[in-house]
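Data first, discussion second: the structure below is written as structure tokens.
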Amino acid sequence: MRDSRHRYGESFTIAIGKGKLSKVVFVTHPKDLELILSNDDGELFDAPGELNATLEPLLGTESLIGLSGDRHRRARQLLLPPFHGERMRSYGQLIQEIVAEAMNEEIAGSPFSVRKLMQTISMRVILQAVFGLRHGPRYQRLEKVLGRMLDRLGSPFSVSFLFFPVLQLDFGPLSPWGSFVRDRKEISRLIFEEIAERRAHADRSRKDILSLLMGACDETGEALTDSELRDELMTLLTAGHETTATALTWALYWIHKLPSTRQQLLSELGSIGGAYDPNTIFRLPYLNAICAETLRIYPVGMLTFPRVTKTRVELTVTSLKPGTIVMGCIYLAHRREDVYPDPEQFRPERFLERRFSPFEYLPFGGGSRRCIGMAFAQFEMKLVISRILSTFELVFTSKGPVRLGRRGLTSGPSPFRMAIKRRLPETTPCSGD
Ligand code: HEM
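Residue 128 in my numbering sits at position 124 of the sequence shown, with consecutive numbering throughout.
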């Protein structure tokens, strides 16, 4: 992408797939991104879900990501409320407990894979927040099978069967497609069982996302059907697990790679006297800047979903015919020298020195398909990082360089390991919610 930007300028055309995706215009200029993302549900652009059909075997035919127009709007209306403000904050204490539990499972001194640990944490958080499941055989089975399935999608090789339908051949449980299909079937069964049980024993006190979605109605009074619920749950689990785990892995990398960053964060955490109150943590400026810079320098989703022109559209340097497919190139937008001096440097201070527009800084995309888990992911990142940093001193045990690479549908760091050097002295936690 950097080479193409260098050679061809602000926008360039790339083949990222077959058929319609064999010609996609990558857009990097904030003005162009603003034009696209402010008009992607109107006269200039569309955000058709059909262009995301690659994900259908994984997410089903009724996933928000594959829907367009009114159906997409309806699904967003139903899915968004559980991710808002107070609802989301109620998961704060739970997230902290999950971190403490997962960290305590690591034996002091023995190296652990940072990605694996972050995946464990993010999977438990999402299973608890989305399903309200924490213990019991169904939870354990879902954690195992979902973890296996989503982990496989982290490998460019294993994910290739989504891009090439000819590879979708079932040669038994050991073949890539065969095991994927079996895992998918088992996950569906577990989800349908959970839904049936909830319908049979309604409990209005439950605050998890599945319960909220089961009780939600659109403006015509229609609720989501069981298969819609299944597809949306799969969407939330898939979109929310790997992305947040990767962001957390990068954040821990940067904080420990740069001692002055770690020191400054520790003094900020010290300034709140070891308080674990999620709302206080959420508002810490330096912690916020670290999370923002983590998602700037190597955005986990390097591209937005595709949008398509409905009419001729003039961008800053090029003119697009009707029917042209465009994607916001988040990676290059975040590397503009004019917006981010020394873009290759990890420097959280830049987020304290100035504000960036939503078209200069867009790790969660924008417009009609902006990430619905944005606030949740930011909240989780801050709570996980603050809890780990204020409880443990970690050290790198891997020697080699850590590099950015493709992880199936997203990007992330090459594997690295750390170890707990020591547990920091206990502070008295404030009561958290
Ligand atoms: C650090 C973590 C995350 C990052 C970097 C991220 C990034 C993104 C990006 C770039 C998009 C595409 C937006 C566009 O095309 O304009 C997206 C969409 C989406 N994300 Fe996230 N995401 C994260 C976490 C989550 C979480 C935790 C959830 C839910 C639990 C989630 C659910 C979704 C969904 C459902 C969409 C599709 C929205 C639609 O099609 O209308 N994401 N995300």
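All C-beta atoms in this analysis are idealised placements derived from N, C-alpha and C, irrespective of residue type, glycine included.
Helix, strand or coil, according to DSSP, for residue i in the structure here?
i: residue 397; result: strand
i: residue 66; result: coil
i: residue 147; result: helix
i: residue 417; result: strand
i: residue 411; result: strand
i: residue 89; result: helix
i: residue 351; result: coil
i: residue 83; result: helix
i: residue 74; result: helix
i: residue 433; result: Note that residue 433 scores a pLDDT of 46, beneath 50, so its modelled location is shaky; the value from the coordinates is reported in the next line. Here residue 433 sits in coil by DSSP.
i: residue 287; result: coil
i: residue 129; result: helix
i: residue 7; result: helix
i: residue 142; result: helix
i: residue 338; result: coil
i: residue 207; result: coil
i: residue 389; result: helix
i: residue 364; result: coil
i: residue 296; result: helix
i: residue 345; result: coil
i: residue 137; result: coil
i: residue 280; result: coil
i: residue 402; result: coil
i: residue 174; result: coil
i: residue 376; result: coil
i: residue 23; result: helix
i: residue 369; result: coil
i: residue 157; result: coil
i: residue 12; result: helix
i: residue 112; result: coil
i: residue 359; result: coil
i: residue 235; result: helix
Which partner residues does residue i have in the DSSP bridge list?
i: residue 117; result: 421
i: residue 17; result: 29
i: residue 323; result: 318
i: residue 227; result: 221
i: residue 307; result: 333
i: residue 49; result: 313
i: residue 427; result: 396
I believe residue i touches residue j by the beta-carbon criterion, under 8 Å. Please report the beta-carbon distance rounded to the nearest angstrom.
i: residue 64; j: residue 306; result: That pair is no contact at about 25 Å.
i: residue 149; j: residue 187; result: 5 Å
i: residue 293; j: residue 352; result: 4 Å
i: residue 20; j: residue 8; result: Residue 20 to residue 8, Cβ: 12 Å. No contact.
i: residue 111; j: residue 125; result: The Cβ separation is near 17 Å, so there is no contact.
i: residue 99; j: residue 388; result: 7 Å
i: residue 320; j: residue 36; result: 6 Å
i: residue 311; j: residue 50; result: 7 Å
i: residue 304; j: residue 247; result: 5 Å
i: residue 349; j: residue 295; result: Their Cβ separation, rounded to whole angstroms, is 17 Å, which puts residue 349 and residue 295 out of contact at 8 Å.
i: residue 96; j: residue 282; result: 3 Å
i: residue 196; j: residue 230; result: 6 Å
i: residue 385; j: residue 252; result: 6 Å
i: residue 414; j: residue 250; result: 6 Å
i: residue 41; j: residue 332; result: 7 Å
i: residue 417; j: residue 428; result: 25 Å between Cβ atoms; not a contact.
i: residue 131; j: residue 329; result: Not quite, the Cβ-Cβ distance comes to about 35 Å (not below 8 Å), so this is no contact.
In terms of residues, what are the limits of the beta strand (DSSP E) holding residue i?
i: residue 332; result: 329-332
So the alpha helix (DSSP H) residue i belongs to, where does it begin and stop?
i: residue 185; result: 180-204
i: residue 36; result: 34-42
i: residue 106; result: 96-108
i: residue 302; result: That residue, residue 302, is in no alpha helix (DSSP H); it is neither H nor E in DSSP.
i: residue 274; result: 263-275
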